[in-house]
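First to last, the sequence lines map onto chains L, G, X, Z, D and R.
For the first sequence, the working numbering gives the first residue as 6, with consecutive numbering after it.
For the second sequence, the working numbering gives the first residue as 6, with consecutive numbering after it.
For the third sequence, the working numbering gives the first residue as 6, with consecutive numbering after it.
For the fourth sequence, the working numbering gives the first residue as 6, with consecutive numbering after it.
For the fifth sequence, the working numbering gives the first residue as 6, with consecutive numbering after it.
For the sixth sequence, the working numbering gives the first residue as 6, with consecutive numbering after it.
The C-beta atom is built at its ideal place from N, Cα and C for all residues, glycine as well.
Because the structure is a prediction, the values reported are computed rather than measured.
Worksheet for the structure shown next.
Protein chains: 6
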Amino acid sequence: MKISARNRLKGTIVEITKGATTAHVRIQIEGSVITASITNESVDELELAVGQEAYAVVKASDVMIATD
Amino acid sequence: MKISARNRLKGTIVEITKGATTAHVRIQIEGSVITASITNESVDELELAVGQEAYAVVKASDVMIATD
Amino acid sequence: MKISARNRLKGTIVEITKGATTAHVRIQIEGSVITASITNESVDELELAVGQEAYAVVKASDVMIATD
Amino acid sequence: MKISARNRLKGTIVEITKGATTAHVRIQIEGSVITASITNESVDELELAVGQEAYAVVKASDVMIATD
Amino acid sequence: MKISARNRLKGTIVEITKGATTAHVRIQIEGSVITASITNESVDELELAVGQEAYAVVKASDVMIATD
Amino acid sequence: MKISARNRLKGTIVEITKGATTAHVRIQIEGSVITASITNESVDELELAVGQEAYAVVKASDVMIATD
Numbered sequence: 006m007k008i009s010a011r012n013r014l015k016g017t018i019v020e021i022t023k024g025a026t027t028a029h030v031r032i033q034i035e036g037s038v039i040t041a042s043i044t045n046e047s048v049d050e051l052e053l054a055v056g057q058e059a060y061a062v063v064k065a066s067d068v069m070i071a072t073d
Numbered sequence: 006m007k008i009s010a011r012n013r014l015k016g017t018i019v020e021i022t023k024g025a026t027t028a029h030v031r032i033q034i035e036g037s038v039i040t041a042s043i044t045n046e047s048v049d050e051l052e053l054a055v056g057q058e059a060y061a062v063v064k065a066s067d068v069m070i071a072t073d
Numbered sequence: 006m007k008i009s010a011r012n013r014l015k016g017t018i019v020e021i022t023k024g025a026t027t028a029h030v031r032i033q034i035e036g037s038v039i040t041a042s043i044t045n046e047s048v049d050e051l052e053l054a055v056g057q058e059a060y061a062v063v064k065a066s067d068v069m070i071a072t073d
Numbered sequence: 006m007k008i009s010a011r012n013r014l015k016g017t018i019v020e021i022t023k024g025a026t027t028a029h030v031r032i033q034i035e036g037s038v039i040t041a042s043i044t045n046e047s048v049d050e051l052e053l054a055v056g057q058e059a060y061a062v063v064k065a066s067d068v069m070i071a072t073d
Numbered sequence: 006m007k008i009s010a011r012n013r014l015k016g017t018i019v020e021i022t023k024g025a026t027t028a029h030v031r032i033q034i035e036g037s038v039i040t041a042s043i044t045n046e047s048v049d050e051l052e053l054a055v056g057q058e059a060y061a062v063v064k065a066s067d068v069m070i071a072t073d
Numbered sequence: 006m007k008i009s010a011r012n013r014l015k016g017t018i019v020e021i022t023k024g025a026t027t028a029h030v031r032i033q034i035e036g037s038v039i040t041a042s043i044t045n046e047s048v049d050e051l052e053l054a055v056g057q058e059a060y061a062v063v064k065a066s067d068v069m070i071a072t073d
């Protein structure tokens, strides 16, 4: 499947925290850690696990720019 | 200002394309280029320019996870 | 690629309108037409065309519920 | 109330799962099930219940396009 | 129609700028001006006009918190 | 830090409800209360507390317009 979302960053899952309905998945991408808030069901369906390679995917309209 | 958005990736602006109302700003972050779709006014107000250091900022609930 | 976004609806592209930077893509999905606002570049990269089968993909946290 | 969000799909609520703060509501829309992640309070305020007719509402800028 | 989005702020439309596909609508709400980026079609369908009363509507998961 | 998000509304935090992973923060802004759904970690990192001044921040592409 190819998706229109412009931003895909490859990394390694370093932490998965499941809540009651919402999970936080952290991916180490080069020097940074990205946090994704997704459904518990997505974690199960994609069989996500710590140590696994995965992508953080973000639609361009959800990216903001900041300056110091 | 400190913001709740979990994800801030530092890089260098490599391209700014203004449309009629919406601009695309590209930031080189280590090996990747991130595209942000923001208003033309934000580009003006933050005085964004190619070559400048900037951050891509993304709320955790806007990050998806993908696997191969 | 498998993605965490919960919602994928299959249909047929019935209209593509490119703006200066932002395109509107309409997909007929059973009795409804879904409008997606994506970058012109995504339209080009995915080689989207009217008549083509495609999916509308939406993260669960971007879906609201309404009642009459 | 009329809202600018382009996409409204009518269906029947088939499942409501409340978490600590976030609920997942599933709506059967023709052949598909759409998952919405909303606040528990919205579920209470709209008095959502399984079997009820409801709409999934999505802003066009939150819709992505994917192809096989 | 009742919608799950938690945040509805009533004000007066003070500016509408249509782009090629995307419009910016500004609403004066007490001491602040809120900018909404919506489709040109929504502007037409809702027959939005400067001087009109309208609401800015935002899903709770799209609100961030910042501190000085 | 300056951020591209167009909308910043200043108010006072009136309620913080932490869930398993997701917190709801309510800010009183003039006559309205805004609800933000953010991560528990953001609440901790920004040391948010009831009675504190804070801003609700929203990207323009996440604002919808509604009319009566």
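* To do: Please specify which runs of the alpha helix (DSSP H), each continuous and at least 4 residues long, are wholly inside the stretch 40 to 72 of chain L, giving them in chain order.
  => 45 to 50
* Asked: Of all the CB atoms in chain G, is at least one closer than 8 Å to the CB of Thr26/X?
  -> yes
* Asked: Would you call Thr27/Z buried or exposed, if buried means 16 or more other Cβ atoms sit within 10 Å of its Cβ?
  -> buried
* If we cut at 8 Å on Cβ distances, does Asn45/L have a partner in chain G? -> Asn45/L does not count as touching chain G.
* Residue-level contact to chain A via CB, Gly16/D, 8 Å cutoff -> You won't find chain A in this structure, because its protein chains are L, G, X, Z, D and R.
* Any idea if Val55/X is buried or exposed, counting beta-carbon neighbours within 10 angstroms, 16 or more meaning buried? -> exposed
* Endpoints, beta strand (DSSP E) assigned at Glu35/G -> Where Glu35/G is concerned, there is no enclosing beta strand (DSSP E), given that its DSSP letter is neither H nor E.
* First through last residue of the beta strand (DSSP E) which encompasses Arg13/Z -> Residues 12 to 23.
* Asked: What residues match up with Thr101/Z in a beta bridge as DSSP calls it?
  -> No answer is possible for residue 101/Z: it lies beyond the span of chain Z, which begins at 6 and ends at 73.
* What does Met69/D touch in chain Z if you count any residue whose Cβ is under 9 Å from its own? -> Chain Z residues near Met69/D: none, gap ~16 Å exceeds 9 Å.
* To do: Would you kindly work out how many angstroms separate the C-alpha atoms of Ser37/L and Thr17/D, rounded to a whole number?
  => 42 Å
* Compare the C-beta of Ser66/Z against all C-beta atoms of chain L and say whether one is closer than 8 Å. => yes
* For Arg11/L, go through chain X and note every residue whose CB falls closer than 8 Å to its CB, in chain order. => Thr44, Glu46, Ser47
* Is there contact here, the stretch 34 to 48 of chain G with the stretch 63 to 72 of chain L, by at least three beta-carbon pairs under 8 Å? -> yes
* Asked: Considering only the beta carbon of each residue, do Val63/D and Ala10/D sit closer than 8 Å?
  -> yes
* Asked: Name the chain L residues whose beta carbon is nearer than 8 Å to that of Lys23/R?
  -> Ordered by position in chain L, no residue passes the 8 Å Cβ test against Lys23/R, which lies about 10 Å from the chain.
* Asked: Thinking C-beta only, is Leu14/D closer than 8 Å to Thr72/R?
  -> Between Thr72/R and Leu14/D, the CB-CB gap reaches or exceeds 8 Å.
* Ile8/R and Leu53/R: beta carbons closer than 8 Å? -> no
* Can you name the residues of chain R whose CB is closer than 7 Å to the CB of Ile34/G? -> Under the 7 Å cutoff, chain R gives no residues; its nearest Cβ is about 16 Å from Ile34/G.
* For Glu58/L, the nearest candidate out of Val30/L, Thr44/L, Ile43/L (CA to CA) -> Val30/L
* Measure from the C-beta of Ala54/Z to each C-beta in chain X and report whether the shortest distance is under 8 Å. => no
* Asked: Excluding five sequence neighbours on each side, which residues of the same chain lie with their C-beta closer than 7 Å to the C-beta of Asn12/R?
  -> Val62, Val63, Ala65, Val68
* chain D within 8 Å of Ile39/Z, Cβ atoms only -> no
* If you draw a straight line from the C-alpha of Glu35/R to the C-alpha of Met6/X, how long is it? -> 46 Å
* Pick out whichever of Ala25/Z, Gly24/Z, Gln33/Z has its Cα sitting closest to the Cα of Tyr60/Z. => Gln33/Z
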